[in-house]
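So the sequences go chain by chain: B and Z. Positions 1 to 224 (my numbering) are the ones given, in order, by the first sequence. Positions 1 to 611 (my numbering) are the ones given, in order, by the second sequence.
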Amino acid sequence: MNKPGTSSRRPRWLAVALVLAAAGLLLAGFRLPLWHLRMEAPQYRGEDALHVIVYPHTMRGDLQELAVLNQYIGVHVPETLPQFRWLPGVFLVPAGAALLVLFLPAGIRRSSWVGIAVLLAFTLLIAVYQARHQMRDIGHKRDPKAALMGVKDFTPPFIGSRKIAQFEVHSRLSAGAYCAGAAIGLLLIAAGVTRQTQPARVGATGVAAATLAPDALNRPAASS
Amino acid sequence: MKPLISILLSTVIAVLTGCNSGSSPRQQRSAAQNASAAQQVYVPPGKLDDYYAILSGGQSGSVFVYGIPSCRFIKEVPIFEPRAALGYANNPGSETYRRLAATGPMWGDTHHPVLSQTDGRYDGRWLWINDKANARVARIDLRTFETAEIKVIPNMQGTHGLTAYLPTCKYIFANGELEQDAAGHSTDAEKYRSVVAFLDAMTLETKFQVSFVGNADIASSGKDGQFVFMTMYNTENAVTSEGMIEFDRDAIGAVNVPLAEQAVAEGKFTRIGGVPVIESEKVPGVLTRVPVPKNPHGCNVTPDGKYVLASGKLSPTVTIIDAHTLKVLAEPEVGLGPLHTTFDDRGNAYTSLFVDSQIVKWNIAKAIKGEPDYIVDRVDVHYNVGHTKAAGADTSHPSGDWLLSLNKLSKGLFLPVGPAMPESQELVDISGEKMRVIAAFPSPPEPHDAVFIHREVLEDLVVQTHELTPDAVKLGEEKVVRNGNKVEVYMTCIRSKFTPEQFEVHEGDEVRLRLTNVETVRDMTHGVAIPNHGINIAVDPGQTAEATFHAGAPGTYWYYCTWFCSALHLEMRGRMLVKAAGEALNDHPDPLSRDEKLPSTTIQPPASAYE
Numbered sequence: 001m002n003k004p005g006t007s008s009r010r011p012r013w014l015a016v017a018l019v020l021a022a023a024g025l026l027l028a029g030f031r032l033p034l035w036h037l038r039m040e041a042p043q044y045r046g047e048d049a050l051h052v053i054v055y056p057h058t059m060r061g062d063l064q065e066l067a068v069l070n071q072y073i074g075v076h077v078p079e080t081l082p083q084f085r086w087l088p089g090v091f092l093v094p095a096g097a098a099l100l101v102l103f104l105p106a107g108i109r110r111s112s113w114v115g116i117a118v119l120l121a122f123t124l125l126i127a128v129y130q131a132r133h134q135m136r137d138i139g140h141k142r143d144p145k146a147a148l149m150g151v152k153d154f155t156p157p158f159i160g161s162r163k164i165a166q167f168e169v170h171s172r173l174s175a176g177a178y179c180a181g182a183a184i185g186l187l188l189i190a191a192g193v194t195r196q197t198q199p200a201r202v203g204a205t206g207v208a209a210a211t212l213a214p215d216a217l218n219r220p221a222a223s224s
Numbered sequence: 001m002k003p004l005i006s007i008l009l010s011t012v013i014a015v016l017t018g019c020n021s022g023s024s025p026r027q028q029r030s031a032a033q034n035a036s037a038a039q040q041v042y043v044p045p046g047k048l049d050d051y052y053a054i055l056s057g058g059q060s061g062s063v064f065v066y067g068i069p070s071c072r073f074i075k076e077v078p079i080f081e082p083r084a085a086l087g088y089a090n091n092p093g094s095e096t097y098r099r100l101a102a103t104g105p106m107w108g109d110t111h112h113p114v115l116s117q118t119d120g121r122y123d124g125r126w127l128w129i130n131d132k133a134n135a136r137v138a139r140i141d142l143r144t145f146e147t148a149e150i151k152v153i154p155n156m157q158g159t160h161g162l163t164a165y166l167p168t169c170k171y172i173f174a175n176g177e178l179e180q181d182a183a184g185h186s187t188d189a190e191k192y193r194s195v196v197a198f199l200d201a202m203t204l205e206t207k208f209q210v211s212f213v214g215n216a217d218i219a220s221s222g223k224d225g226q227f228v229f230m231t232m233y234n235t236e237n238a239v240t241s242e243g244m245i246e247f248d249r250d251a252i253g254a255v256n257v258p259l260a261e262q263a264v265a266e267g268k269f270t271r272i273g274g275v276p277v278i279e280s281e282k283v284p285g286v287l288t289r290v291p292v293p294k295n296p297h298g299c300n301v302t303p304d305g306k307y308v309l310a311s312g313k314l315s316p317t318v319t320i321i322d323a324h325t326l327k328v329l330a331e332p333e334v335g336l337g338p339l340h341t342t343f344d345d346r347g348n349a350y351t352s353l354f355v356d357s358q359i360v361k362w363n364i365a366k367a368i369k370g371e372p373d374y375i376v377d378r379v380d381v382h383y384n385v386g387h388t389k390a391a392g393a394d395t396s397h398p399s400g401d402w403l404l405s406l407n408k409l410s411k412g413l414f415l416p417v418g419p420a421m422p423e424s425q426e427l428v429d430i431s432g433e434k435m436r437v438i439a440a441f442p443s444p445p446e447p448h449d450a451v452f453i454h455r456e457v458l459e460d461l462v463v464q465t466h467e468l469t470p471d472a473v474k475l476g477e478e479k480v481v482r483n484g485n486k487v488e489v490y491m492t493c494i495r496s497k498f499t500p501e502q503f504e505v506h507e508g509d510e511v512r513l514r515l516t517n518v519e520t521v522r523d524m525t526h527g528v529a530i531p532n533h534g535i536n537i538a539v540d541p542g543q544t545a546e547a548t549f550h551a552g553a554p555g556t557y558w559y560y561c562t563w564f565c566s567a568l569h570l571e572m573r574g575r576m577l578v579k580a581a582g583e584a585l586n587d588h589p590d591p592l593s594r595d596e597k598l599p600s601t602t603i604q605p606p607a608s609a610y611e
């Protein structure tokens, strides 16, 4: 399909497919839940369990009920988070950038995709760090005038389960986070695939490209 | 000789002692039967019953909801009587109060619960029930199990029989049992007639009536829209009980519904009390009387719609009538005091025998053919059974598993609680050839009839919280509005706080208190009681209710939550400050914010509170 010689200007079909898939995942992840917290207690079991679902732009779930319950232990449940201002961009910007790179000179495609993937991973890690900090604050900066006595400070789990007062709290990453993770992986693979076409940029002809990159000849799809 | 005597003696001793021995074969069998019965009704905590059994509450003016097979009492739905605990019709000014008061007395006598059907099966939309005492019919919304509509039937006294006109449930058919003159203003017995009414199933407005000499008792609809049937025990049109049993034969009345509709369309009626009334004598065929032994009671159409059965009451028979030709096909003897008949899915009828205190199971086809062995089984019930109803027996698809025996007397069946004894209901397993009485359970007075509806029918229909209505008070929009001596208080409640937490009024002010429960989780009901003012509002999550009252003598009245809701339930209260006329009032809805109330110095939690 992708004839030797033409790859010097146009990205390989595999890289295009991978980048398109990565962008698609990021666009989907933009509106999918990132993180899911489930709370269960004897009177909050099964369909009565409480949920907090964090999206890149908002959070949903039983926020009113959590606010009602938390007034007794002096926990302030925020209605919104500062990262909702920039998290959507963490999904949209890399998606757009990765697609733009397809039109860039072949020589900087690989490094661009690697860079986008690394930047995406880094910003997500910042979001995680910020979230963990916020979660610690939720359980530690409590209203000292709260009604219930004997409640110890706590940090809800970011991933995993923990018992907090009468609740078993279960946290897990959700579809949006997996989309972002997969997108990072796909971008890196796209970069890797691109590397194999690198010699085509320096070679003048398809023959030269094949000579300088003998492994390309072993790929039936590339050489046929 | 001696050995023989000793053997005889030992046998006699064994027989005598065996009677009291816990290990006699007879008692072992009984214990095994009890264990198996217990297993059938045992529904472990956390598991749900298969059926809702909805029993009319009779003179309680309500319906009772039980779970079957566990026989657990689940809920009472108040309809024709206020129920302060539930905030139903007890607060003047409330919607429920206004609706009930607008239709007559604050008491009713419910008899026949009727479930809506689609294609011969219960669809879980509505339950209708009659108030015999005040000629009313109510519609209950099964999404909330709350009364949705109540209407009076004009020109009628003693609304007894009730049925949905099948297969469409377009009309609710209601029977007038107690005779009166057409408009109800005369005392002249010569003018007495009765009416049967066709009500719009949704609005409960009476669309038209058919009037006749005599009365109508129990009702049952044919399955194909042609006839609605009723028993008529006073064809004598007498006014004494001796007079009412004078004739040897009374009747099953068959009202031809298409003919009645046509008569209305053709103007063959007199308008009385705003309702078209067809005089049966003037429209031949609109009412056919099929003679049956005197003073029949129950009237039940078989699930296949082929027959209508009249239970004899004073005659030990059930009359089987062809539901289309109206010919009497057979009159099998079933026992003493047959009152009502119900059905399984295998062609059997189950008739309650009031005098015999029995349920008798008999085969309809065999009885029609005159085969001698039509009686299948009899079982004793305790005591004096009135209605009996098997699951789904009013539909075209009975399930043939459970039957309720609604007994009139309990006579020591339960712990003695003084002369006023509970009513007794018994659950009978009819899944086998032989019936088995599995459990007995008490109820308040007095279920007359019951219907079963399977849990699966209502599974996706029943709501567990209310949607906020447009008139709801929203969080943050609580206020006190004053207009002369009228004060409107718009209040919300959520764990564990009323907002406002205080309001001020003048002595004698007319206070209209509207309360919205802004909770969103199920089962978080709050109430507000106002001491010495006779007010208790109850609001379920999302619900809004209101009460109107006059403020009492000057002083402090702590309104408090009546439904235990949270760890701060007792602290969930506020003050109505009643001031003398002329004193200045503070209209700030919540003058003391939470922070201001608490000490300004922050108390640090002890170090041990940290992890």
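A virtual CB, placed ideally from N, CA and C, is assigned to each residue, including glycine.
Check                                                                                                                                                                               : Outcome
Taking any Cβ of chain B, which residues in the stretch 518-548 of chain Z have a Cβ under 8 Å from it, in chain order?                                                             : Glu519, Thr520, Val521 and Arg522
Using a threshold of 9 Å, state whether the C-beta atoms of Leu621 of chain Z and Phe503 of chain Z are closer than that.                                                           : Nothing can be reported for residue 621 of chain Z: it is not among the residues displayed for chain Z, which extend from 1 to 611.
Cβ of Ser21 of chain Z less than 9 Å from any chain B Cβ?                                                                                                                           : Residue placement at Ser21 of chain Z is poorly supported in this model, since its pLDDT is 43, which falls under 50; the coordinates are not used for a value here.
For Glu477 of chain Z, which three-state DSSP category applies?                                                                                                                     : coil
Pro11 of chain B: buried (16+ other C-beta within 10 angstroms of its C-beta) or exposed?                                                                                           : buried
Residues of chain Z with a CB under 8 Å from the CB of Ala41 of chain B: which are they?                                                                                            : None at all; the shortest Cβ gap to chain Z is about 12 Å.
Give the straight-line distance between the Cα atoms of Trp637 of chain Z and Gly67 of chain Z, rounded to the nearest whole angstrom.                                              : With chain Z covering 1 to 611 only, the question about residue 637 of chain Z has no answer from this structure.
Examine the Cβ distances between the stretch 534-542 of chain Z and the stretch 518-526 of chain Z and report whether three or more of them are shorter than 8 Å.                   : yes
Between the C-alpha atoms of Val77 of chain Z and Pro445 of chain Z, what's the straight-line distance to the nearest angstrom?                                                     : 14 Å
Closest to Phe441 of chain Z by CA distance: which of Z:Gly508, Z:Ala393 and Z:Glu423 is it?                                                                                        : Z:Glu423
Mind checking the stretch 554-573 of chain Z against chain B and listing, in chain order, the residues whose C-beta falls within less than 9 Å of any C-beta there?                 : Ser566, Ala567, Leu568 and Glu571
Could you tell me if Gly22 of chain Z is buried or exposed, where buried requires 16 or more neighbouring beta carbons within 10 angstroms of its beta carbon?                      : Unreliable positioning characterises Gly22 of chain Z in this predicted model, as indicated by a pLDDT of 45, which lies under 50. The coordinate reading is nonetheless provided below. Burial call: exposed.
Would Ile375 of chain Z pass as an interface residue toward chain B - the criterion being a Cβ-Cβ separation below 9 Å?                                                             : no
What residues in the stretch 490-521 of chain Z bring their beta carbon closer than 7 Å to a beta carbon of chain B?                                                                : Ile494, Arg495, Thr520 and Val521
With a threshold of 9 Å between beta-carbons, can Asp137 of chain B be considered close to chain Z, or not?                                                                         : no
Kindly say whether Gln71 of chain B, judged by its beta-carbon, lies nearer than 9 Å to any beta-carbon of chain Z.                                                                 : yes
Excluding sequence positions up to five away, which residues of its chain have a Cβ less than 6 Å from the Cβ of Gly243 of chain Z?                                                 : Glu236
Compare the beta carbon distance of Ala251 of chain Z and Pro316 of chain Z with 9 Å and say whether it is the shorter of the two.                                                  : no
May I have the straight-line CA-CA distance separating Thr144 of chain Z from Val463 of chain Z, to the nearest angstrom?                                                           : 6 Å
The alpha helix (DSSP H) that contains Met135 of chain B, what's its start and end?                                                                                                 : Ala106 to His140
Identify the continuous alpha helix (DSSP H) that holds Glu279 of chain Z and give its terminal residues.                                                                           : Careful: Glu279 of chain Z lies outside any alpha helix (DSSP H), inside the beta strand (DSSP E) at Val275 to Glu279.
Can we say the stretch 109-129 of chain Z touches the stretch 162-171 of chain Z, given the rule of at least three CB pairs closer than 8 Å?                                        : yes
Which partner residues does Trp402 of chain Z have in the DSSP bridge list?                                                                                                         : Z:Asp429
In three-state terms, what does DSSP make of Tyr72 of chain B?                                                                                                                      : coil
Look at Asn134 of chain Z and Gly108 of chain Z and say whether their C-beta atoms are less than 9 Å apart.                                                                         : yes
Note down, in chain order, each residue of its chain lying with its Cβ closer than 6 Å to the Cβ of Val202 of chain B, except the 5 sequence neighbours on either side.             : Residue confidence is low: Val202 of chain B scores 42 on pLDDT, short of 50, so the model does not pin down where it sits. No coordinate-derived value is stated.
Threshold first: 3 residues or longer. Then list the beta strand (DSSP E) segments lying entirely within the stretch 7-39 of chain B, N to C.                                       : none
Below 8 Å, can you find three or more Cβ-Cβ pairs linking the stretch 71-86 of chain B to the stretch 138-155 of chain B?                                                           : yes
Using a C-beta cutoff of 9 Å, does Val77 of chain B count as contacting chain Z?                                                                                                    : no
Excluding the five sequence neighbours on either side, which residues of its own chain have a C-beta within less than 8 Å of the C-beta of Leu20 of chain B, listed in chain order? : Leu99
Which partner residues of Trp563 of chain Z appear in the DSSP bridge assignment?                                                                                                   : DSSP lists no partner for Trp563 of chain Z.
Please return the same chain residues whose Cβ sits closer than 7 Å to the Cβ of Ala323 of chain Z, not counting the five positions on each side in sequence.                       : Gly222, Phe227, Val301, Gly305, Lys306, Tyr307 and Val308
For a contact meaning CB atoms closer than 7 Å, what does Glu65 of chain B contact in chain Z?                                                                                      : Thr520 and Val521
Kindly indicate the opening and closing residues of the beta strand (DSSP E) around Lys361 of chain Z.                                                                              : Gln358 to Asn363
Taking only runs of the beta strand (DSSP E) that begin and end inside the stretch 83-155 of chain Z, which ones reach a length of at least 3 residues, in chain order?             : 114-118, 121-131, 136-141 and 146-152
What distance in whole Å lies between the Cβ atoms of His382 of chain Z and Leu403 of chain Z, which are believed to be in contact at a cut-off of 8 Å?                             : About 15 Å separates the two Cβ atoms, so there is no contact after all.
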